Amino acid sequence: MKKGNELYNEGKTYIINGKPIESEKYFIEAAKLNYIPAYGMLYILFNGFLGHPKNESKVKEWEPKILRSLNYFQSKIEIGEAEEQYLFARILEIGPKEMRNEKEAFKLYSQASEQGHALAQNNLGFCYEKGIGTEINYEMAYKMYSRSAEQGYSLAEYNIASCHENGVGVPKCLEKAFKLYLKSAERGNASSQYCLALCYENGTGVEKNFVEAFNMYSKAAEQGDVMALNNLAVCYENGCGVEKNQKIAFELYLKGAEGGNSMAQYNVGACYNIGCGVQKNQKEAFKWFLKSAEQGNVGAQYNVAFYYENGIGTQLNPIGAFKWYYKSAESGNIYAQNNLGVLYQNGFGVEVDEVKAFYWYEKAALSGNPNAQYNLATCYANGIGVDRNETSAVNWYIQASEQGDVVSQYYLGLCFRNGIGVVPDEQIALDWFMKCIL
9 MKKGNELYNE GKTYIINGKP IESEKYFIEA AKLNYIPAYG MLYILFNGFL
59 GHPKNESKVK EWEPKILRSL NYFQSKIEIG EAEEQYLFAR ILEIGPKEMR
109 NEKEAFKLYS QASEQGHALA QNNLGFCYEK GIGTEINYEM AYKMYSRSAE
159 QGYSLAEYNI ASCHENGVGV PKCLEKAFKL YLKSAERGNA SSQYCLALCY
209 ENGTGVEKNF VEAFNMYSKA AEQGDVMALN NLAVCYENGC GVEKNQKIAF
259 ELYLKGAEGG NSMAQYNVGA CYNIGCGVQK NQKEAFKWFL KSAEQGNVGA
309 QYNVAFYYEN GIGTQLNPIG AFKWYYKSAE SGNIYAQNNL GVLYQNGFGV
359 EVDEVKAFYW YEKAALSGNP NAQYNLATCY ANGIGVDRNE TSAVNWYIQA
409 SEQGDVVSQY YLGLCFRNGI GVVPDEQIAL DWFMKCIL
């Protein structure tokens, strides 16, 4: 019978080689033998790190065991054990809020890195790249990723490829990034397989190849990469690199959604909304849009607001509509910004505030939303939330009209016919009237 440390080291070998799903069973067996470092590694995995899918229920299961083991970690850290330095640094970084200490985590990663701990070196590189517990230093980030990769850590190889793709601490080189993703992907790293698929799909550092993109998404998805799972579903939905099959697409979206991926949750909602690969069901659509929205998906936030505003798949809820339009609008969604302006103008879910209505119309209009451009023009034409200005009204009617907004085209025709904010011109007026009816 294998000892706890032996099982732990076998699990860690799978981590090094980019196979976190396979590692889990070894850490669980080690934990059953009360090998405390396994508690820490399982806690990291179930929090959604090291390429492992997040599992909230498992986090709750292992967190108390971590808290009961703090004295063990402290005693090992005091004598300079690199493994416990790494594990405890991770806990300080991702653990319970009252325990989090990024500066101390950085310090422990540094100490473990000096002893050649590959996982700590990679995480130290990430700290330098993102400014976690220290100042951002891209050159040091690349240096630490490189040291970790030299020891064969596949996640560090992925990070080096990402540095080359984005010019982090090293000159940007898409061709080199592709080669490095390929090297890591061939070793089985799911994150590299996902990025390699993106390279093939978008022609980044290599010629576009949708079949290869599909193959790489498939390999990453088989290892539990939820982003790859979502993109694999997109391939099936659109027939990209594989024969089109909306039923399989929906099943894959649902699998990713149940795994907690917000984009997949959004796509499940979209499938239910239009009946793509599944029977149309607005209640189910709302349920999945809400799950995605709660994770911060801006498009889903807009959809939840729209459903609340119109009572689709749920009860009419003006306050809920305002809440979710506001969240989406603050994140830059131009359609939510326009609709938020409408709510402020009409007092739906919020008190009437024409100044705020104008503010949100203008924000969306400046970003090119034709509906907002029309609404902004109307504000200028009628003095809603702003001083009346017929010239500005015409300017915004023109911008909306040029994007095909027929109502703006009609009003623009009226402006030219009646000389409102512009020199009268019957021919131009007729041209705009004809455009809005053709």
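The numbering used here puts the first residue of the sequence shown at 9, with every later residue one more than the last. Built from N, CA and C at the ideal position, the CB exists for glycine as well. All values reported here derive from a predicted model rather than from experimental measurement.
Closest to Arg-195 by C-alpha separation, out of Phe-356, Lys-27 and Leu-351, would be which residue?
Measuring from the Cα of Arg-195, the nearest candidate turns out to be Lys-27.
Pop quiz: Gly-349 and Pro-326 are said to be a contact at Cβ under 8 angstroms. What is the actual Cβ separation, rounded to whole angstroms?
No, Gly-349 and Pro-326 are not in contact; Cβ-Cβ is about 15 angstroms, not under 8 angstroms.
Below 6 angstroms CB to CB, which residues in the same chain sit around Leu-384 once its five sequence neighbours on both sides are set aside?
Closer than 6 angstroms at the Cβ level, and outside the excluded window around Leu-384, lie Tyr-369, Glu-370, Ala-373 and Trp-404.
For Leu-446, count the other beta carbons within 10 Å of its own beta carbon; 16 or more makes it buried, fewer makes it exposed. Which is it?
Per the 10 Å Cβ criterion, exposed.
Taking 7 angstroms as the limit between beta carbons, can you name the residues of its chain near Glu-220, skipping five residues before and five after?
Hits under 7 angstroms: Tyr-208.
Are the CB atoms of Phe-330 and Val-312 nearer to each other than 7 angstroms?
Cβ distance not < 7 angstroms, so Phe-330 and Val-312 don't count as in contact.
Within the continuous alpha helix (DSSP H) that includes Asn-174, where are the two ends?
Asn-174 -> alpha helix (DSSP H) spans 162–174.
Suppose contacts are defined by Cβ-Cβ distances below 7 angstroms. Is Tyr-43 in contact with Gly-19 by that definition?
Cβ atoms of Tyr-43 and Gly-19: not closer than 7 angstroms.
Three-state secondary structure (DSSP) at Tyr-280?
In this structure, Tyr-280 counts as helix in the three-state DSSP scheme.
Express the C-alpha separation of Tyr-310 and Glu-410 in angstroms, rounding to a whole number.
Taking the straight line joining both Cα atoms gives about 25 angstroms.
Could you give the DSSP three-state label for Tyr-16: helix, strand or coil?
The answer is helix: DSSP assigns Tyr-16 an H, G or I state.
Reducing DSSP to helix, strand and coil, say where Tyr-150 ends up.
Three-state result, Tyr-150: helix.
Under 7 angstroms between the Cβ atoms of Cys-447 and Phe-258?
The structure shown does not extend to residue 447, since the chain is modelled only from 9 to 446, so the question has no answer here.
Would you check if the distance between the CB atom of Tyr-388 and the CB atom of Ala-401 is smaller than 7 angstroms?
Contact flag set, yes.
Could you check the C-alpha separation between Tyr-150 and Ile-52 for me, to the nearest Å?
The straight-line gap from Cα to Cα measures roughly 23 angstroms.
Exposed or buried, Lys-68, counting other C-beta atoms within 10 Å across all chains shown (16 or more means buried)?
Classification of Lys-68: exposed, given that the 10 Å Cβ count is below 16.
Flag Gly-357 as yes if its beta-carbon sits less than 7 angstroms from any beta-carbon of chain C, otherwise no.
Annotation note: the requested chain C is absent from the structure, which comprises a single protein chain.
Between the C-alpha atoms of Gln-353 and Asp-413, what's the straight-line distance to the nearest angstrom?
Near 20 angstroms, if we compare the C-alpha coordinates of Asp-413 and Gln-353.
Taking Cβ positions, are Ser-162 and Ala-126 nearer each other than 7 angstroms?
No, they are not a contact pair.
How should Pro-61 be labelled, buried or exposed, when 16 other C-beta atoms within 10 angstroms of its C-beta is the threshold for buried?
Flag for Pro-61 reads buried.
Along the chain, which unbroken stretches of the alpha helix (DSSP H) at least 4 residues long are found entirely within the segment 62–148?
Within the segment 62–148, the complete alpha helix (DSSP H) runs of at least 4 residues are 64–76, 78–86, 90–102, 110–122 and 126–138.
Starting from Cys-444, trace the alpha helix (DSSP H) in both directions and tell me its first and last residue.
It spans 434–445 - the alpha helix (DSSP H) in which Cys-444 sits, taken as one unbroken run.
Cα-Cα, which of Leu-206, Glu-165, Gln-159 and Ala-272 is closest to Val-234?
Val-234 has its Cα closest to that of Ala-272, out of Leu-206, Glu-165, Gln-159 and Ala-272.
CB-CB under 6 angstroms to Asn-239, same chain, minus the five flanking residues each way: which ones, in chain order?
Cβ within range, chain order: Tyr-225.
Could you check if Gly-393 is buried or exposed, using at least 16 other CB atoms within 10 Å of its CB as the buried criterion?
Looking at its Cβ environment, which holds 16 or more other Cβ atoms inside 10 Å, Gly-393 is buried.
From the DSSP output, in three-state form, read off Lys-299 for me.
Helix at Lys-299.
Determine, using beta carbons only, whether Val-250 and Tyr-261 come nearer to each other than 7 angstroms.
In this structure, Tyr-261 does not lie closer than 7 angstroms to Val-250 by Cβ.
Measuring only the C-alpha atoms, how far is Gly-338 from Gln-345?
Per the sequence shown, residue 338 should be read as Glu rather than Gly. Computed Cα separation, rounded: 8 angstroms.
Would you kindly work out how many angstroms separate the C-alpha atoms of Gly-59 and Asn-145, rounded to a whole number?
Approximately 24 angstroms between the Cα atoms of the pair.
With DSSP run on the structure shown, which of helix, strand or coil describes Glu-359?
DSSP places Glu-359 in coil when its eight states are reduced to three.
Let me confirm a value: Gln-417 is counted as buried when at least 16 other C-beta atoms fall within 10 Å, else exposed. Which label applies?
Flag for Gln-417 reads buried.
Would you tell me roughly how many angstroms separate the C-alpha atoms of Gly-429 and Cys-423, rounded to the nearest one?
Cα to Cα, the separation comes out at about 7 angstroms.
State the CB to CB distance for the pair Ile-140 and Glu-110, rounded to an integer number of angstroms; the pair is presumed to be in contact (CB under 8 angstroms).
The Cβ separation is near 5 angstroms, so the contact holds.
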